[in-house]
Amino acid sequence: MSRFVTWLALMGFLAATCASAYIPLGPWNTVINTAISCAKALLIALFFMELRQAGTLLRIAAVAGLLWLALLFGISWSDFATRTISPAPWSVAR
Amino acid sequence: MPTTQFDSTLERRESALLGMWAFLATELMFFGPLFFGYVHARIAQPEAFASGSHHMHIVLGTLNTAILLTSSFTMALAVHAAQESRPLRAWLVVTALLGAAFVGIKAYEWVSEFSEAANASGGEARFYFLYYAMTGLHAVHLTIGIAIVGWLAARARRFNAAYHAPVEVTGLYWHFVDVVWVFLYPMFYLLERYR
Numbered sequence: 001m002s003r004f005v006t007w008l009a010l011m012g013f014l015a016a017t018c019a020s021a022y023i024p025l026g027p028w029n030t031v032i033n034t035a036i037s038c039a040k041a042l043l044i045a046l047f048f049m050e051l052r053q054a055g056t057l058l059r060i061a062a063v064a065g066l067l068w069l070a071l072l073f074g075i076s077w078s079d080f081a082t083r084t085i086s087p088a089p090w091s092v093a094r
Numbered sequence: 001m002p003t004t005q006f007d008s009t010l011e012r013r014e015s016a017l018l019g020m021w022a023f024l025a026t027e028l029m030f031f032g033p034l035f036f037g038y039v040h041a042r043i044a045q046p047e048a049f050a051s052g053s054h055h056m057h058i059v060l061g062t063l064n065t066a067i068l069l070t071s072s073f074t075m076a077l078a079v080h081a082a083q084e085s086r087p088l089r090a091w092l093v094v095t096a097l098l099g100a101a102f103v104g105i106k107a108y109e110w111v112s113e114f115s116e117a118a119n120a121s122g123g124e125a126r127f128y129f130l131y132y133a134m135t136g137l138h139a140v141h142l143t144i145g146i147a148i149v150g151w152l153a154a155r156a157r158r159f160n161a162a163y164h165a166p167v168e169v170t171g172l173y174w175h176f177v178d179v180v181w182v183f184l185y186p187m188f189y190l191l192e193r194y195r
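Chain order of the listed sequences is A and B.
Under this note's numbering, residues 1 to 94 are what the first sequence spells out, in order.
Under this note's numbering, residues 1 to 195 are what the second sequence spells out, in order.
This is how it looks when you write it as structure tokens:
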């Protein structure tokens, strides 16, 4: 039963994300799309992947990957955001 | 009856699931850099990404998302059936067929977009590069998933409440691939659709 309700909710979110893309909201379109994607992923993880019933160990394992990816994103982004590109002398266009 | 290295069947089950979650974490590392590249490229050239997105088949993309979400639902039903010792072959077959339908539609999209992608330049070329790389990597994963689910369907009679670890573990993989698509769909199909 909970699986069917989850499927219905996923279909509802899909309709919402598709419909919202046709409303001009500027950068908020991306925010809404990302938020809806996260909500769908959470529904799938909790009900289809059964994390709701899972023990602490599995929950930590599930979150650890995301945490690690967030760290790598943060470190990579700090590099791109704080450095200027200084090409080698031989690669500067003449 | 648990094998000797486990204290209980519960511990054995949790070990199998933990192993799969650890594998999925490495899969996240596999897909992650492409997502980072996408964010970086799109912030650099937002207009090119928006115009590239307008070349996508919105109807086929949305239909495919619905197909894949439904396949996750039938996969969850297969796992649930196994947990309760009910027949699960039909659910596995439906899951594999929905997966195959997804890959078929995706293949049609790739072919129909190919000439435009080959002639694109600048930011749009980067958009198409990321599109083919990310949906391609996703489709490879889904194809592997279809093969495993088909194999499980052939052996469906062996699974019951006491033994169904292969079904559960495959289910986790299938849902993971579904989650990846949940993020890919708005990233490629839904940019500035209102224009």
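By construction, the Cβ of each residue, glycine as well, lies at the ideal position given by its N, Cα and C atoms.
When the distance is taken between beta carbons, is residue j closer than 8 Å to residue i?
i: A:L10; j: B:L69; result: yes
i: A:P87; j: B:Y194; result: no
i: B:A96; j: B:V180; result: no
i: B:V176; j: B:E27; result: Looking at the sequence itself, residue 176 of chain B is Phe, so the reference to Val does not match. Against a cut-off of 8 Å, the Cβ pair of B:E27 and B:F176 comes out as a contact.
i: B:F183; j: A:S37; result: yes
i: A:A62; j: A:L71; result: no
i: B:V167; j: B:L190; result: no
i: A:G55; j: B:E14; result: yes
i: B:A101; j: B:I67; result: yes
i: B:A156; j: B:L88; result: yes
i: B:L98; j: A:M49; result: no
Taking C-alpha atoms, which residue in the options lies nearest to residue i?
i: B:G32; options: B:L92, B:A120, B:L130, B:S8; result: B:L130
i: B:W174; options: A:A41, A:A70, A:R59; result: A:A41
i: A:L57; options: B:A81, B:G19, B:H54; result: B:G19
i: B:H141; options: B:L24, B:W110, B:E116, B:A41; result: B:L24
i: B:M56; options: B:S8, B:V111, B:S121, B:G104; result: B:V111
i: B:I146; options: B:A125, B:T170, B:Y132; result: B:T170
i: B:V93; options: B:N119, B:I58, B:P186, B:M75; result: B:M75
i: B:I105; options: B:E124, B:A118, B:A139; result: B:A139
i: B:V79; options: B:E192, B:F188, B:F159; result: B:F159
Just mark residue i as buried or exposed, buried being the case when its beta carbon has 16 or more other beta carbons within 10 Å.
i: B:R86; result: exposed
i: B:D178; result: buried
i: A:R83; result: exposed
i: B:P186; result: buried
i: B:A81; result: buried
Which residues in chain A have a C-beta closer than 8 Å to the C-beta of residue i? List them in chain order.
i: B:L77; result: R3
i: B:V182; result: S37, K40, A41, I44
Run down chain A in chain order and give the residues with a C-beta less than 9 Å from the C-beta of residue i.
i: B:T70; result: W7, L10, M11
i: B:P166; result: Those within 9 Å of B:P166 in chain A number zero; the least Cβ separation is about 16 Å.
By the criterion of Cβ-Cβ separation under 8 Å, what are the contact partners of residue i in chain E?
i: A:G55; result: No chain E is part of this structure, whose protein chains are labelled A and B.
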